[in-house]
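**Student:** Okay, here's the structure, questions in a sec.
Number of protein chains: 2
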Amino acid sequence: MENSSTQHLTGADFVGGAVTAIARFIRENDLKPGDRLPAEAKLSKDLQVSRTVIREALRSLAALRLVELGAGKRPTVAELDDASFSMTIEHGVVTDQIDIQQIYDARRTIEARTAALAALRRTEGEARAILGHAKAMEENFGNSDEVMEHDLAFHLAIAKASKNPVFALIIGAFQGVTRQTWPIGWKSRANDDERRAMNALHLDLAQAIAAGDPQSAADLMNRHFDQSIKALLNAGLI
Amino acid sequence: MENSSTQHLTGADFVGGAVTAIARFIRENDLKPGDRLPAEAKLSKDLQVSRTVIREALRSLAALRLVELGAGKRPTVAELDDASFSMTIEHGVVTDQIDIQQIYDARRTIEARTAALAALRRTEGEARAILGHAKAMEENFGNSDEVMEHDLAFHLAIAKASKNPVFALIIGAFQGVTRQTWPIGWKSRANDDERRAMNALHLDLAQAIAAGDPQSAADLMNRHFDQSIKALLNAGLI
DNA sequence: CCTATTAAACCTGTACTACAGGTTTTCAAA
DNA sequence: TTTGAAAACCTGTAGTACAGGTTTAATAGG
């Protein structure tokens with residue numbers, strides 16, 4: 009009784025067909041992250057296409073992060089991951105289909121919500137971690153790379169504390185392009201006072217989340233984005 | 009003067025390296041959607057890996073929708089597209105890493121914003137199209153499939169009218185899973201009066217956008233999601 | 001009977017060849 | 001200059017081969 013059977017492919021787009029068939033296999037067999045898929049040879053036989061086609065299909069699914077591949081290992085179902093959406097966003101920016109202001113407006117919209125949700129749902133540990141990143145920004149004030157990484161980690165930690173993986177996915181995907189523009193905003197702030205003010209805002213936000221105050225958290229997040237967007241405008245980036 | 013040169017790959021992950029190299033090629037040569045990439049044979053020679061590796065790399069990029077492939081045609085740079093994020097979302101739902109309520113909360117957050125932006129930025133044509141979908145929902149009341157498709161098109165049209173492709177991308181990516189749960193919400197509404205009320209809300213929203221009233225548009229969108237989420241709760245889906 | 005070790009079986013990653021059939025370019029004829 | 005056809009180019013799929021990684025099975029020892 010082989011439950012893992014699949015119908016063989018017909019039609020023109022062999023690789024696309026195999027991608028669909030394998031995705032369906034995951035769905036219909038209720039596979040969860042970590043579960044193993046059939047070996048390439050078996051898929052090749054079941055779907056009646058060459059191993060070449062199966063490999064290209066698996067590579068496609070691996071690029072989309074639906075499966076994970078490894079030498080000698082059978083393909084496994086993958087955990088949710090922002091890498092593929094991140095590529096989409098970066099592609100959009102590189103090819104002038106998305107601009108930075110649009111990224112920031114999306115972030116503001118979503119992060120006002122993650123801040124409010126985090127205030128309601130964060131664990132003690134998460135509250136501490138968020139606060140930790142805000143403090144680390146202040147403590148590493150001289151090293152802008154350090155500040156940036158803690159800034160990014162701060163926002164992602166809030167998204168995760170919102171307990172909605174969709175938000176974490178999207179915010180995570182923005183980090184790649186944010187890393188490329190963040191230094192511009194940092195430099196464009198007129199003086200260290202403005203930079204310190206930005207850090208202070210992070211600290212206030214972290215405290216609002218720790219205090220469980222969703223309204224303040226959302227307000228502070230909005231204010232933070234007001235400042236950031238203004239800084240990027242000053243820099244002429246937008 | 010061959011501007012299209014690329015350094016040959018070193019290290020372990022040949023396919024991953026090729027993906028990165030090709031993505032970098034697009035960036036460094038300022039390629040835009042429609043522009044052609046070097047042929048597989050040339051990439052293979054430049055990067056000093058077999059055509060097998062190049063093909064798998066191009067398949068990966070095609071899965072992510074950074075490039076487009078076609079028999080006989082050289083690979084071209086692709087337009088922004090929600091297909092790959094859509095796969096991520098569907099995978100998350102299928103593997104129990106995302107639930108429907110989380111999708112709806114993300115939608116509500118984003119669509120309250122797209123509604124407001126659409127009210128400010130929609131063209132006359134877009135306003136008409138949005139209104140058209142709302143009316144079509146009412147006119148095709150008996151055919152729930154028709155209602156659903158116009159509902160989906162309505163929301164996507166608003167996202168596009170917001171003039172932020174990031175929102176359109178995300179809302180578009182949600183449509184796949186929404187199509188699977190929408191009928192549940194429709195059936196769970198107690199009677200036709202409730203269903204008519206939902207249509208009326210769409211119409212009001214379309215009119216607020218046409219009238220250029222961002223506050224009302226956002227409010228109505230939020231009210232719409234309140235109702236939808238309540239309907240899904242009633243159905244026990246959430 | 002249980003555990004640790006080792007050998008065998010299995011599996012993927014990369015390279016190469018071959019060819020069908022689609023696309024683009026070239027070139028000659030009108 | 002335009003048209004049309006041939007040539008060159010290119011991708012899609014199949015298949016073979018083998019190195020090296022992983023899993024499973026078997027064996028030995030307690």
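Respectively, the protein sequence lines represent chains A and B. The opening position of the first sequence corresponds to residue 9 in our numbering, with each subsequent residue numbered one higher. The opening position of the second sequence corresponds to residue 9 in our numbering, with each subsequent residue numbered one higher. Using N, Cα and C, we set each Cβ at its ideal position, and we do this for glycine too.
#1: Could you tell me which uninterrupted beta strand (DSSP E) segments, each at least 3 residues in length, are contained entirely in the segment 97 to 180 of chain A, listed from first to last along the chain?
#2: Since alanine 110 of chain A meets chain B, which of its residues come closer than 7 Å, beta carbon to beta carbon?
#3: What's the gap between the Cα of alanine 208 of chain B and the Cα of glutamine 215 of chain B?
#4: Tell me the residue span of the alpha helix (DSSP H) that contains glycine 78 of chain A.
#5: Could you list the residues in the segment 90 to 118 of chain A with a C-beta less than 7 Å from some C-beta on chain B, going in chain order?
#6: Buried or exposed, going by whether 16 or more other CB atoms sit within 10 Å of the CB of glutamate 132 of chain B?
#7: Looking at the C-beta of arginine 121 of chain B, does it have a partner C-beta in chain A at a distance below 7 Å?
#8: Whole angstroms is fine: what's the gap from glutamate 134 of chain A's alpha carbon to leucine 213 of chain A's?
#9: What is the C-beta distance between alanine 142 of chain B and histidine 99 of chain B, in whole angstroms, given that I count them as a contact (C-beta under 8 Å)?
#10: Inspect the CB distances between the segment 50 to 68 of chain B and the segment 48 to 66 of chain A and report whether three or more fall short of 8 Å.
#11: Check the Cβ of glutamate 157 of chain A against every Cβ in chain B and list those closer than 8 Å, keeping chain order.
#12: Between which two residues does the beta strand (DSSP E) carrying valine 23 of chain A extend?
#13: According to the Cβ coordinates, are proline 173 of chain A and leucine 77 of chain A closer than 7 Å?
#14: For the segment 102 to 114 of chain B and the segment 171 to 190 of chain A, state whether three or more C-beta atom pairs, one from each stretch, are separated by less than 8 Å.
#15: Residues in the same chain with beta-carbon distance under 8 Å from methionine 9 of chain A, minus the five sequence neighbours each way, listed in chain order, please.
#16: Please report whether the beta-carbon of lysine 238 of chain B lies at a distance below 7 Å from any beta-carbon of chain A.
#17: Does the distance from the CB of leucine 164 of chain A to the CB of isoleucine 178 of chain A come in under 7 Å?
#18: Just checking: is the beta-carbon of alanine 4 of chain A within a distance shorter than 7 Å of some beta-carbon in chain B?
#19: Do serine 170 of chain A and threonine 122 of chain A have their beta-carbon atoms positioned less than 7 Å apart in this structure?
#20: From A:His232, A:Ile217, A:Thr84 and A:Gln183, pick the residue whose C-alpha is nearest to that of arginine 129 of chain A; which is it?
#21: Mind checking which residues open and close the alpha helix (DSSP H) that includes proline 222 of chain B?
**Tutor:** The answer reads as follows:
#1: none
#2: Inspection of the sequence shows that residue 110 of chain A is occupied by glutamine rather than by alanine. Under the 7 Å cutoff, chain B gives Asn172, Pro173 and Val174.
#3: 11 Å
#4: Careful: glycine 78 of chain A lies outside any alpha helix (DSSP H), inside the beta strand (DSSP E) at 75 to 78.
#5: Ser92, Phe93, Met95, Thr96, His99, Gly100, Val102, Thr103, Asp104, Gln105, Ile106, Gln110, Ile111, Asp113, Ala114, Thr117 and Ile118
#6: exposed
#7: yes
#8: 13 Å
#9: Wrong, their Cβ atoms sit about 32 Å apart, outside the cutoff.
#10: yes
#11: Contacts between glutamate 157 of chain A and chain B, judged by CB atoms closer than 8 Å, are missing: the closest CB pair is about 22 Å apart.
#12: Boundaries around valine 23 of chain A are those of the alpha helix (DSSP H), 22 to 36, since no beta strand (DSSP E) includes it.
#13: No; because the gap between Cβ atoms is not below 7 Å, this pair is not in contact.
#14: yes
#15: Below a pLDDT of 50, predicted positions are generally treated as unreliable, and methionine 9 of chain A, at 30, falls in that range; the measurement from the model is reported next regardless. The beta carbon of methionine 9 of chain A sits closer than 8 Å to none of the beta carbons in its chain outside the five residues before and after it.
#16: no
#17: no
#18: The requested residue 4 of chain A does not occur in the structure, where chain A is confined to residues 9 to 246.
#19: Yes, these two residues count as a Cβ contact at 7 Å.
#20: A:Ile217
#21: 222 to 242
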